[in-house]
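> In this note's numbering, the protein residues as written are 651 to 964. Cβ atoms here follow ideal geometry from the backbone N, Cα and C, with glycine treated the same way. Below you'll find the structure I mean.
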Ligand code: UDP
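So this is what it looks like as structure tokens:
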């Protein structure tokens, strides 16, 4: 007899990473219930799935109490504004979805006896004093700074997730997701990869904030989704870093992106946003050894895919 399809509730499923995860789970032959309030997600990201009988979508803000009828095997919480520009635009919504939203999602997982997966972030390390960042590092976060609405709500989300694991024996998994890029990032979400691609395609100067010597490490979205699926089905109950450890300065990224797009652009310097982390690079030893996972897409391949997608949107 064919195995019964599992039901995956993907909260934030119309967002950038959430929608790629919906695709993956549907491709794997399972059922997806996607919930999103669409403040930063978009119906466009899931429109190709709407007619699939294994996929359903509900517009719902999970910061308010909500329920889903029928069995659920996995609750994956990917809902939150995630770009610095977005979470500064929606500070209260960001705090609410990380706190009330995570609480509501955990309550649902408890009720349904589902496994819970939290999309956490490298932002829990703040402006890190340990480099590369390893999961055992507790971070260096300004608790009242402008980024704190995101950083602290995700730190709270991790804390309540661990408490539900200890107190209510909910099966939980936590990914700390580092900078990720690819198709379906919003053109104007303010992050460096979509900004640079948009500027290149519109022949505008590339905006480099501060000296451009700050570093980030960029993971292609398909690699990340593979890591998420492996972590979900693993037995690791503590947070796991998922990201690409290849580290670039923002100025280097500006050079690489111009090479990949075969376009030359001027660079203009803009002020560095407050509390902008000076360096970021994941230590992925845990994921490598326990999940047998490491990124496979190199930055040139990944950026070409992303550029091609942005071109189609123009
Ligand atoms: N950044 C930049 N130009 C831009 C957008 C971002 O120089 O047009 C810088 C930003 O200051 C940060 C890095 O690029 O140091 C990554 O920013 P992003 O907003 O993509 O994400 P973050 O890693 O800060 O969450």
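Is it right to say residue 920 is buried, meaning 16 or more other beta carbons lie within 10 angstroms of its own, or is it exposed?
Its Cβ having fewer than 16 others within 10 Å, residue 920 is exposed.
> Mind reading off the beta-carbon distance from residue 769 to residue 728? Whole number of angstroms is fine, and I expect it under 8 Å.
Residue 769 to residue 728, Cβ: 4 Å. Contact.
> Quick check: the segment 701-719 against the segment 895-912, are at least 3 beta-carbon pairs closer than 8 Å?
The segment 895-912, when compared against the segment 701-719, does not touch it at the 8 Å Cβ threshold.
> What does DSSP give as the partner residue(s) for residue 897 in the beta ladder?
Note: residue 897 sits in a beta bridge opposite 867.
> Please determine, among 756, 836 and 744, the residue with the shortest C-alpha to C-alpha distance to residue 960.
It is 836 whose Cα lies nearest to the Cα of residue 960.
> Just to confirm my understanding: we take residue 722, look at its own chain, exclude 5 residues before and 5 after, and list those with CB closer than 6 Å. What are they?
Here the set comprises 657, 659, 762 and 764.
> Helix, strand or coil, according to DSSP, for residue 751 in the structure here?
Of the three classes helix, strand and coil, the one that applies to residue 751 here is helix, per DSSP.
> For residue 940 and residue 934, what's the separation of their Cα atoms in angstroms?
Each residue's alpha carbon lies about 10 Å from the other.
> Are the segment 679-695 and the segment 853-863 touching, with three or more C-beta to C-beta distances below 8 Å?
No: fewer than three Cβ pairs fall under 8 Å.
> Are the segment 690-699 and the segment 657-677 touching, with three or more C-beta to C-beta distances below 8 Å?
Counting Cβ pairs under 8 Å, three or more are found: they touch.
> I need the DSSP call for residue 811, collapsed to helix, strand or coil.
Reduced to three states, the DSSP call for residue 811 is helix.
> Between the C-alpha atoms of residue 756 and residue 715, what's the straight-line distance to the nearest angstrom?
Roughly 11 Å separates the two Cα atoms.
> If distances are taken between C-alpha atoms only, which option among 829, 850 and 924 comes closest to residue 868?
Selected option, being the one with the closest Cα: 829.
> Is the number of C-beta pairs between the segment 887-897 and the segment 832-847 that are closer than 8 Å three or more?
These segments do not touch.
> Do the CB positions of residue 820 and residue 760 come within less than 8 Å of each other?
In contact: residue 820 and residue 760 (Cβ atoms closer than 8 Å).
> Residue 605 lies in the beta strand (DSSP E); which residues open and close that run?
There is no way to answer for residue 605, as the model of the chain reaches only from 651 to 964.
> Would you call the CB atoms of residue 882 and residue 724 closer than 8 Å?
For residue 882 and residue 724, yes; Cβs fall inside 8 Å.
> Where do the ends of the beta strand (DSSP E) carrying residue 891 lie?
Taken as a continuous stretch (DSSP letters only), the beta strand (DSSP E) holding residue 891 covers 890-892.
> Can you tell me the Cβ-Cβ gap for residue 711 and residue 925, rounded? I've got them flagged as a contact below 8 Å.
At roughly 27 Å, the Cβ-Cβ gap does not stay under 8 Å, so residue 711 and residue 925 are not in contact.
> How about residue 771 and residue 746: are their beta carbons less than 8 Å apart?
No.
> Using the beta-carbon count (16 or more within 10 Å), is residue 679 buried or exposed?
Residue 679 should be labelled exposed.
> Using alpha carbons as the reference points, say which of 937, 788, 736 and 848 lies closest to residue 796.
The candidate whose alpha carbon is nearest that of residue 796 is 736.
> Using the C-alpha atoms, what's the distance from residue 811 back to residue 661?
Whole-angstrom Cα-Cα distance: 15 Å.
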